[in-house]
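Position 85 (the sequence shown) corresponds to 125 in my numbering; numbering is contiguous.
Input: a single structure, listed below in structure tokens.
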Amino acid sequence: MEENSSLTEQAQTSAASGFINGLTFSVNSTTDVLFGESPEFKTSKLFLYFVILAFSSLGNGLVFCLISCNRRLRRASSNRLLLNLSACDFLTSLLSIPFDFALEERGYVWPYGSIMCRMLWPASTFTATASALTLAGISLDRFRLLMHPFTPRLTKRQIKVLISGIHMLSAVVVVPYIIFLKLEDHNCVEIWPNFTSRQVYTVVLFLVQYALPLSFMTTVYTLALTKLYKVTSNTTKMRMRSREKLRQDGASNNNAERGRGVVRKLSSRVAYSMRRGFEVESNVRVTKLFIAIVAIFAVFMLPNQVLWLWSDFGGGNKHQDLNTIKIICWLFTYTNCVCNPVIFMIFCKEFRAELAKIAKKLCPNGPRPQLSISRSSGPPTQCIPMIECVSSPNNYQSLDDK
């Protein structure tokens, strides 16, 4: 009993250092006895690490390359936000999974030196924070488009300012983390002036990385959906009234010339109503897509945030299975980096079309893909809120504003 008590005390006093919210646990080899991993758990962890890293690199790399290499997608200024999101998700998994796995296999003895101690975990914290704030920025751009469809879109300069602000805020958030991370006895640990300071930092990261972005996205998408469904209902009623009016006037009017005028007038009204209905339907589909992205963000980022709040405010750092719980929560966070490109592939016709083109180049003798891309002269198609398909040359001038 005394030996187990000693082990528990050592585990409780081991310092915490950072991961995505700045508080990855750093423990010495003694705690491996207390928090040992079973062979089954270690095998499953290794498999999931590999799969998540591979799919995150492939998926986010494809999104980045497709937008960067496609002229139509590249010229749409708002797609820069999606590029930033893909880069952040890719870097989050790349900066976390390989280094954390190696650290876990070494019994949490820090092998990377003092400089990496101050840089590695703050870097992954920076990219994860920027990813969450970028999702909020994307929702702002979508909100402006849906609520005020006739206002000018954000220019390239405005998008650059928005992304710069996201990066600056993310950098400010990790500054305290860099200051208080130190290499002590082969462990990269946070040394705060007092425990209250650490608790305050945990709350700040919870707000910036999760609570505020999620609340903002939920609010703007709720407002947008409310308006969209209202417009859809009004458009449907207008279309039905126009068709009924057309039928009645066409049947009762004996004057052929007057009848043709009525038909032309009402046909124009019906055509406008149908175009408006198509636009609203497209916007609803697009908004549903990003609601899916927000829901995935809420679900997969929540466990990691709850873990650190529980650790600092609920005594979770004394739990004997904390090491296992910590790794499971990390896996949820890493999985979030994979989900966005998968959603794009499932819901976005333009994204699938570009992938089909790549597949055709790689396999020229394979079956010809059936692409369902509209080439009408109507407004540019937007398959997702941030992948804008600029299909009309007349739109290039407004999109190229600096």
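For every residue, glycine included, the Cβ atom is placed at its ideal position computed from N, Cα and C.
Predicted, not measured: the structure shown is a model, and the values here were computed from it.
- Task: Could you spell out the range, first to last residue, of the beta strand (DSSP E) harbouring Leu-135?
- Result: For the purposes of this step, residue 135 is taken as residue 95 along the sequence shown, with counting starting at 1. First-last for Leu-135: 119–145, but that is the alpha helix (DSSP H), not the beta strand (DSSP E).
- Message: Which residue marks the beginning of the alpha helix (DSSP H) containing Cys-105, and which one marks its end?
- Response: Counted from its first residue, the sequence shown places residue 105 at position 65. Its alpha helix (DSSP H) spans residues 79–109.
- Task: Reducing DSSP to helix, strand and coil, say where Leu-194 ends up.
- Result: If you number the sequence shown from 1, residue 194 lands on position 154. Coil at Leu-194, not helix or strand.
- Indicate whether the contact test is met: 3 or more Cβ pairs, each with one atom in the segment 99–117 and one in the segment 386–396, closer than 8 Å. yes
- Query: Where does Asp-446 land, buried or exposed, given buried means 16+ other C-beta within 10 angstroms?
  - Reply: This structure cannot settle anything about residue 446, because the visible part of the chain is limited to 41 through 442.
- Message: Applying the 10 Å Cβ sphere with the 16-neighbour rule, what's the burial state of Leu-209?
- Response: Residue 209 sits at position 169 when you count from the first residue of the sequence shown. Burial call: exposed.
- Determine the direct distance from the alpha carbon of Gly-356 to that of Trp-478, and round the result to whole angstroms. Residue 478 cannot be examined here, being either before or after the span of the chain that is shown, 41 to 442.
- According to the Cβ coordinates, are Cys-369 and Leu-347 closer than 8 Å? Position 329 of the sequence shown, counting from 1, holds the residue named residue 369. Position 307 of the sequence shown, counting from 1, holds the residue named residue 347. In contact: Cys-369 and Leu-347 (Cβ atoms closer than 8 Å).
- Task: Mind the definition here: the segment 81–93 touches the segment 165–179 only if three or more C-beta pairs lie below 8 Å; say whether that holds.
- Result: no
- Message: Less than 7 Å between C-beta atoms, sequence neighbours within five positions excluded: which residues of the same chain meet that for His-207?
- Response: Counting from one through the sequence shown, the residue named residue 207 turns up at place 167. These residues qualify, in order along the chain: Ala-170.
- Message: Quick check on Asn-234: does DSSP put it in helix, strand or coil?
- Response: In the sequence shown, the residue the question calls residue 234 occupies position 194. Coil.
- Task: Please work out which residues of its chain come closer than 8 Å, Cβ to Cβ, to Val-260, disregarding the five sequence neighbours upstream and downstream, and give them in chain order.
- Result: Here residue 260 refers to the residue found at position 220 when the sequence shown is read from its first residue. Ser-179, Leu-180, Arg-182 and Phe-183, listed in sequence order.
- Which of the three DSSP states, helix, strand or coil, is assigned to Cys-388? Indexing the sequence shown from 1 puts residue 388 at position 348. Cys-388 falls in the coil class under three-state DSSP.
- Message: Counting beta carbon pairs with one atom in the segment 241–258 and one in the segment 209–224, are three or more of them shorter than 8 Å?
- Response: yes
- From this set, Cys-157, Gly-147 and Lys-366, which residue's C-alpha is nearest Leu-229's C-alpha? Your numbering for residue 229 matches position 189 in the sequence shown. One point to set straight first is that residue 229 is Val, not Leu, in the sequence displayed. When only C-alpha atoms are compared, the closest one is Cys-157.
- Same chain, Cβ closer than 7 Å to Ile-331, five either side skipped, listed in chain order: Residue mapping note: residue 331 aligns to position 291 of the sequence shown, counting from 1. Result list for Ile-331: Tyr-261, in chain order.
- Task: Compare the Cα-Cα distances from Val-382 to each of Thr-266, Ile-231, Ile-333 and Cys-128 and report the closest residue.
- Result: Numbered from its first residue, the sequence shown carries residue 382 at position 342. Answer by Cα proximity: Ile-333.
- Going by other Cβ atoms of all chains shown within 10 Å of its Cβ, with 16 needed for buried, is Glu-145 buried or exposed? The residue given as residue 145 occupies position 105 in the sequence shown. By the neighbour-count rule (16 or more Cβ atoms within 10 Å), Glu-145 is not buried but exposed.
- May I have the straight-line CA-CA distance separating Leu-329 from Pro-138, to the nearest angstrom? Mapped onto the sequence shown, residue 329 falls at position 289. Mapped onto the sequence shown, residue 138 falls at position 98. If I take the Cα positions, the gap works out to 31 Å.
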